């Protein structure tokens, strides 16, 4: 007669234990916001949306378990620094903040023959604004150097002097780097590698000027390394 009682007691204890155990729940994944500012190199002239460097960057970071929303991109082919500033105003994002901001601008200032010192002043204002978008945290802002379009098949077809373009691009990039360092943001050089590969057929789109998705994947990788190793994203 005792055996059924002990069996019943055992069942009750097991059931009680199961009820008191907390279920294993996956931790909520932190998702970050991202603002990408620039020109044709940011909007990805001639490539699909998924091939743009900001979009590839988000995918690369996801593989490192750093999750970002789809990037907010404010960029138009042909924009100079002042035109980007106007575009930001028209986007009506004043007061918004983002966990990450990237800035790639300046090639059209050089292309139009604008003065480097004037560019430096406008770029500083632009970068200060980018820092404000990053919640006043310069460590969350990444500046990319200007690619050298003088090495492209398009430039060759127009008999552009590649050495002249190189010298001017270097001056612009030096200005960008100085401002970036002064304001405490991150800066990566994408120019030197681009000079080595940018003329290859597979590295340009149909217009023979703008980079292909293969180039943007390289830029995304460089940015990913900086973000994952030097910025506090967890």
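In my numbering, the protein residues as written are 1 to 234. Think of the CB as a built atom: it goes at the ideal place given N, C-alpha and C, for glycine as much as any other residue. Bear in mind the structure is a predicted one, so any value in this text is a computation, not a measurement.
- Three or more Cβ pairs drawn from the stretch 48–60 and the stretch 217–232 lie within less than 8 angstroms of each other, which places the two stretches in contact.
- In terms of Cβ geometry, residue 226 and residue 171 do not form a close pair [threshold 8 angstroms].
- Residue environment analysis places residue 60 among the buried positions, since at least 16 neighbouring C-beta atoms fall within 10 angstroms of its C-beta.
- If the five residues before and after residue 146 are omitted, its C-beta is found closer than 6 angstroms to the C-beta atoms of 106, 107, 169, 172 and 173, all from its own chain and listed in chain order.
- In the DSSP assignment, the residues bridged to residue 186 are 142.
- Per DSSP, residue 38 lies in no alpha helix (DSSP H) segment; the continuous beta strand (DSSP E) that holds it begins and ends at 34–38.
- Residue 68 sits in a strand when the DSSP states are folded into three classes.
- Non-local beta-carbon contacts of residue 123 in its own chain, meaning distances under 8 angstroms to residues more than five positions away in sequence, involve 81, 105, 106, 175, 176 and 179 in chain order.
- Nearest to residue 139 by alpha-carbon distance, out of 148, 101 and 112, is 101.
- Beta-bridge analysis with DSSP links residue 102 to 36 and 142.
- Going by DSSP, residue 158 is part of no alpha helix (DSSP H) at all; its letter is neither H nor E.
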